[in-house]
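Participant: First to last, the sequence lines map onto chains A and B.
Residue numbers for the first sequence follow full-length UniProt numbering, so the first one is 1 and each next one is one higher.
Residue numbers for the second sequence follow full-length UniProt numbering, so the first one is 1 and each next one is one higher.
The beta-carbon is built from N, C-alpha and C at its ideal position, and this holds for glycine as well.
In this text the structure is predicted, and so the values were computed from the model without any measurement.
Quick one: structure below, then a few questions.
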Amino acid sequence: MALSYLRSSSSRSANLLRPLSSAASLRRPISTDTTPITIETSVPFTSHQCEAPSRSVETNPSELLTFFRDMALMRRMEIAADSLYKAKLIRGFCHLYDGQEAVAVGMEAAITKKDCIITAYRDHCTFVGRGGTLLEVFAELMGRQAGCSKGKGGSMHFYKKDSNFYGGHGIVGAQVPLGCGLAFAQKYSKDESVTFALYGDGAANQGQLFEALNISALWDLPAILVCENNHYGMGTAEWRAAKSPAYYKRGDYVPGLKVDGMDALAVKQACKFAKEHALKNGPIILEMDTYRYHGHSMSDPGSTYRTRDEISGVRQERDPIERVRKLILSHDLATEKELKDIEKEVRKEVDDAIAQAKESPMPEPSELFSNVYAKGLGAESFGADRKELRATLA
Amino acid sequence: MAAIFQGVGAAATLSSSPSNSFVPKKFLTSPRRSFCVPSSVVVRSDGSVNFDLNSKSRRAQQLVANATKADSSAASSSSNPGHELLLFEALREGLEEEMERDPCVCVMGEDVGHYGGSYKVTKDLAKKFGDLRVLDTPIAENSFTGMGIGAAMTGLRPVVEGMNMGFLLLAFNQISNNCGMLHYTSGGQFTIPIVIRGPGGVGRQLGAEHSQRLESYFQSIPGIQMVACSTPYNAKGLMKAAIRSENPVILFEHVLLYNLKERIPDEDYICNLEEAEMVRPGEHVTILTYSRMRYHVMQAAKTLVNKGYDPEVIDIRSLKPFDLYTIGNSVKKTHRVLIVEECMRTGGIGASLTAAITENFNDYLDAPIMCLSSQDVPTPYAGTLEEWTVVQPAQIVTAVEQLCQ
């Protein structure tokens with residue numbers, strides 16, 4: 001039975017699984033099963049100035065299940081954020097990541113928490129990938145104290161210092177020089193880690209990117225620039241904003257790799273490859289070919305500049321969660337029901353987190369003035385803070 | 001072409017109707033729709049207007065009767081001339097009329113063309129004028145602002161939109177060094193008739209980086225003019241005047257004011273760029289404000305009137321240079337000044353205005369100038385904290401009471 005699954009599977013695995021009997025006995029417990037499986041990515045990598053990595057990705061049932069669970073969690077979280085926004089519990093700008101989950105999840109699988117990640121404002125899922133909790137996400141989105149930035153940052157300003165997640169930035173493009181700076185610090189401290197600086201196809205046209213890239217290449221910094229190409233910079237399609245939409249080639253003297261960003265395994269392979277490359281040879285650009293189902297943000301319907309057919313087409317053909325689901329089912333790693341149970345579990349987790357976040361209070365008034373400056377440095381003199389600078393005349 | 005020019009210091013008495021709908025009842029007594037050009041007005045061939053700064057002639061202009069009936073704006077349109085629209089539509093109308101009038105006017109910015117503008121100010125303009133006149137730029141503020149300035153040096157009149165004013169920080173070098181200084185450093189050879197516009201200010205929980213008040217950062221740049229619109233009427237007027245001006249003008253719009261509704265004249269009109277707007281004449285205290293804070297002030301004014309005060313409210317509109325003429329006359333009358341602004345306390349427009357008034361009109365002041373500004377903090381995301389960052393009407397009432405003791 002396993003063999004017939006494999007023949008009809010769409011995953012084109014190079015190595016066959018062991019026969020059913022041992023597969024059945026290996027099926028429980030799935031969560032710790034680390035038997036290696038090799039799976040081919042959906043499309044080959046295209047490279048620029050470097051050798052593309054192999055299409056065959058090493059993975060295991062445990063990892064695939066983790067992919068599924070994490071992406072389902074992220075998807076559920078973003079959909080829940082959509083409803084919260086419409087209920088006016090989240091306000092301002094809210095940029096959702098659904099459709100692009102494979103990038104966050106695949107990247108985490110290839111790196112450690114010592115490696116740094118920095119991104120722009122579409123950061124909810126990246127934050128969760130770095131270890132952020134759902135409570136921190138929803139509380140921050142609703143502006144509560146339990147949020148990761150104590151409610152003072154908002155959707156575009158998620159950070160997690162202890163797992164080297166550096167945000168969370170509102171002005172696109174500005175995070176790339178920051179990311180190259182992180183890489184510089186890593187090289188400086190010789191700690192064998194790398195930085196992934198994420199940006200979009202819209203921000204790819206920012207001048208500061210090329211400035212930072214030039215410096216990174218000059219100084220051999222372990223910086224990996226990742227262009228999450230979802231093909232639209234708010235309302236402007238990539239071909240209308242960039243003369244050369246081959247973002248992986250725009251580094252010119254810096255090597256680049258084009259990756260199917262809807263395939264978590266391809267992303268994992270590319271990031272692994274990029275990390276090895278960056279530690280030896282300096283910067284590299286990864287272009288993740290991905291897609292966002294929602295509009296640019298909650299104030300953008302997302303349908304004035306692209307057709308609904310396009311959106312539903314991508315959802316049917318390339319959805320990252322569906323791809324992993326098919327893989328899991330075809331390799332007989334879990335049943336349909338088990339996957340559905342995971343999704344139900346995830347849904348409950350999200351709902352619980354939202355309920356808990358709603359309990360969290362709004363910030364205290366004194367929080368308005370805290371963290372403007374770092375206080376308590378032991379110096380006798382008053383700081384630059386106007387409120388503290390008082391002169392008492394004799 | 002019968003152009004109607006904004007009467008100087010047009011007195012517009014705000015009636016005491018509820019201002020929840022933000023419909024200022026300006027046209028009850030406004031004399032600005034006179035068809036005859038007062039003799040003290042000098043009209044230049046390039047459309048700019050110089051008013052004779054003689055107070056007597058100003059009074060004469062104010063008393064020119066207008067032909068409209070003093071009707072409430074709720075009346076049917078047949079008896080009430082003009083047309084009603086929202087502020088962003090007024091901006092669009094002004095822009096469209098100028099683009100029709102002068103083929104050198106073009107627009108550049110992110111998502112201004114096919115998308116129609118993120119706040120719909122340029123909606124349908126690309127369809128009407130084509131891709132070359134309404135340009136969708138990539139996300140590269142430093143470059144496209146610089147390109148706009150370069151184009152302006154040759155005589156084109158670009159209108160550069162910053163999707164949010166905060167993004168223009170990326171173009172600061174271009175705005176400061178090239179936009180502001182080129183006319184001077186070239187000995188007058190080049191003029192830069194560019195308009196840089198966009199929404200700024202504190203919105204509804206947009207986060208720190210999207211709630212900036214760039215007027216404080218730009219105010220020191222020599223060579224530029226800065227204006228802030230606050231009503232559909234002055235939005236359209238200032239937009240048109242800015243486009244016609246030979247100097248670089250930065251037009252500050254506010255994210256929360258785009259949906260204000262007002263009835264504006266059908267005729268062609270512009271607003272003087274250097275002029276302040278008298279919103280409510282009074283006797284006890286001069287309240288100077290601009291942009292969104294105008295509405296907080298007017299809300300406080302209602303409370304103050306009930307408490308027996310008579311505040312004079314002036315929307316300064318021109319942030320650089322200040323209309324010290326209107327302001328000075330007001331200080332001379334009331335002897336007390338309260339400035340209400342959205343900039344942060346340190347280095348904001350209020351700080352400069354305080355200095356300017358103290359320097360010039362110190363003798364007329366009975367009390368130190370009070371300045372209410374936003375807190376010197378990055379704008380927090382949480383709604384309650386954000387509210388405390390910005391000046392609220394209750395604080396304005398308290399300040400006036402304190403000032404008038």
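Look up A:P177 in the DSSP assignment and say whether it is helix, strand or coil.
Facilitator: Looking at A:P177 - three-state DSSP - the assignment turns out to be helix.
Participant: Going along the chain, which residues of the stretch 197-208 of chain B sit with their C-beta nearer than 8 Å to a C-beta in chain A?
Facilitator: From the stretch 197-208 of chain B, only G203, R204, Q205, L206, G207, A208 have a Cβ closer than 8 Å to chain A.
Participant: Please check the pair A:L213 and A:P283, which I expect to be a contact at CB under 8 Å, by giving their CB distance rounded to whole angstroms.
Facilitator: So it is a contact: roughly 6 Å between Cβ atoms.
Participant: State the start and end residues of the unbroken beta strand (DSSP E) segment that holds A:Y305.
Facilitator: First-last for A:Y305: undefined, no H or E at that position.
Participant: Provide the residue span of the beta strand (DSSP E) that contains B:F252, from first to last.
Facilitator: Where B:F252 is concerned, the enclosing beta strand (DSSP E) stretches over 249-254.
Participant: If I'm right that B:A140 touches A:N229 with Cβ under 8 Å, what's the distance once you round it to whole angstroms?
Facilitator: That belief does not hold up - the Cβ atoms of B:A140 and A:N229 are roughly 17 Å apart, past 8 Å.
Participant: Of all the beta strand (DSSP E) runs that stay within the bounds of the stretch 163-208 of chain B, which reach a length of 3 or more residues?
Facilitator: 195-200, all fully within the stretch 163-208 of chain B.
Participant: Tell me, to the nearest whole angstrom, how far the beta carbon of B:L168 is from that of B:T145; I am working on the premise that it is less than 8 Å.
Facilitator: 7 Å between Cβ atoms; contact.
Participant: Specify whether the stretch 250-263 of chain B and the stretch 81-93 of chain B touch according to this definition: at least 3 beta carbon pairs, one from each stretch, less than 8 Å apart.
Facilitator: Contact between the stretch 250-263 of chain B and the stretch 81-93 of chain B is present, because at least three Cβ pairs lie under 8 Å.
Participant: My assumption, with CB atoms under 8 Å, is that A:G143 sits in contact with A:G154. Please give the rounded CB distance.
Facilitator: Contact holds; Cβ gap of about 7 Å.
Participant: How many angstroms separate the CA atom of A:E63 from the CA atom of A:T126?
Facilitator: Near 18 Å, if we compare the C-alpha coordinates of A:T126 and A:E63.
Participant: Quick one, which of A:P36, A:T41, A:F67, A:D33 has its alpha-carbon nearest A:R325's?
Facilitator: For A:R325, the nearest C-alpha among the options comes from A:F67.
Participant: Identify whether B:D310 lies in helix, strand or coil by the three-state DSSP scheme.
Facilitator: Looking at B:D310 - three-state DSSP - the assignment turns out to be coil, as it is neither helix nor strand.
Participant: With a cut-off of 8 Å, do at least 3 Cβ pairs link the stretch 384-401 of chain B to the stretch 289-302 of chain B?
Facilitator: Yes, since at least three Cβ pairs between the stretch 384-401 of chain B and the stretch 289-302 of chain B fall closer than 8 Å, the two stretches touch.
Participant: Short of 7 Å in beta carbon distance, which residues of its chain neighbour B:G148, apart from the five on each side in sequence? Order them along the chain.
Facilitator: Within the same chain, B:G148 has close Cβ partners M108, P158, V160, I194.
Participant: Quick check: the stretch 168-176 of chain A against the stretch 113-124 of chain A, are there 3 or more CB pairs under 8 Å?
Facilitator: Yes: the two stretches touch, three or more of their Cβ pairs being nearer than 8 Å.
Participant: Rounding to the nearest angstrom, what Cα-Cα distance links A:E238 and B:C404 in this structure?
Facilitator: Going by the C-alpha atoms only, they are around 59 Å apart.
Participant: For chain B, is any of its Cβ atoms less than 8 Å away from the one on A:I118?
Facilitator: Taking Cβ atoms only, chain B never reaches closer than 8 Å to A:I118, which makes this a no.
Participant: Assuming B:V285 contacts B:E246 (C-beta within less than 8 Å), just tell me the rounded distance between them.
Facilitator: Not confirmed; about 37 Å, so no contact.
Participant: Under 8 Å, do B:L353 and B:V331 count as touching if we go by C-beta distance?
Facilitator: No, the Cβ-Cβ distance between B:L353 and B:V331 is not below 8 Å.
Participant: In chain B, what lies closer than 8 Å to A:I171 by C-beta?
Facilitator: Within chain B, the residues near A:I171 are G166, F167, L169, L170, E209.
Participant: Can you find the residues in the same chain that come closer than 6 Å, C-beta to C-beta, to A:S216, ignoring five residues on each side of it along the sequence?
Facilitator: C180, A223, P283, listed in sequence order.
Participant: In angstroms, rounded to a whole number, what distance separates the CA positions of B:M370 and B:V337?
Facilitator: Rounded to the nearest angstrom, the two C-alpha atoms are 6 Å apart.
Participant: Taking the straight line between their C-alpha atoms, what separation do you get for B:R292 and B:E209?
Facilitator: In a straight line, the C-alpha of B:R292 is about 19 Å away from that of B:E209.
Participant: Output needed in chain order: residues of the stretch 365-395 of chain B with a Cβ under 8 Å from some Cβ in chain A.
Facilitator: Against chain A - using a Cβ distance shorter than 8 Å - the residues of the stretch 365-395 of chain B are Q375, D376, V377, P378, P380, Y381, A382, G383, T384, L385, W388, T389.
Participant: What residues from chain A crowd round B:I149, counting only those whose CB sits closer than 7 Å?
Facilitator: Under the 7 Å cutoff, chain A gives no residues; its nearest Cβ is about 16 Å from B:I149.
Participant: Under 8 Å between beta-carbons, which chain B residues line up against A:G167? List them in chain order, please.
Facilitator: In chain order: nothing, as chain B lies at least about 11 Å away.
Participant: Which residues, in chain order, does the stretch 205-220 of chain A contribute to contact with chain B at a C-beta distance below 7 Å?
Facilitator: Cβ contacts with chain B come from N205, Q206, G207.
Participant: Please report the residue range of the alpha helix (DSSP H) in which B:F218 lies.
Facilitator: Note, B:F218: alpha helix (DSSP H), 215-218.
Participant: My output table needs one value for A:F158: the three-state DSSP class, helix, strand or coil.
Facilitator: In the structure shown, A:F158 sits in coil (DSSP, three-state: anything other than H, G, I, E or B).
Participant: Residues of the stretch 129-155 of chain B in Cβ contact with chain A at a cutoff of 9 Å, in chain order, please.
Facilitator: Cβ contacts with chain A come from D136, T137, P138, I139, A140, E141, N142, S143.
Participant: For B:D136, report the span of its beta strand (DSSP E) as first-last.
Facilitator: Per DSSP, B:D136 belongs to the beta strand (DSSP E) from 134-136.
Participant: Exposed or buried, what is A:Y97 when buried is set at 16 or more other beta-carbons lying within 10 Å of its beta-carbon?
Facilitator: By the neighbour-count rule (16 or more Cβ atoms within 10 Å), A:Y97 is buried.
Participant: So, B:C106 versus B:L135, is the Cβ gap smaller than 8 Å?
Facilitator: Yes.
Participant: Less than 8 Å between the beta carbons of A:M74 and A:A104, yes or no?
Facilitator: Contact: yes.
Participant: A:P365 touches chain B at which residues, Cβ-Cβ below 7 Å?
Facilitator: Here the neighbours are W388.
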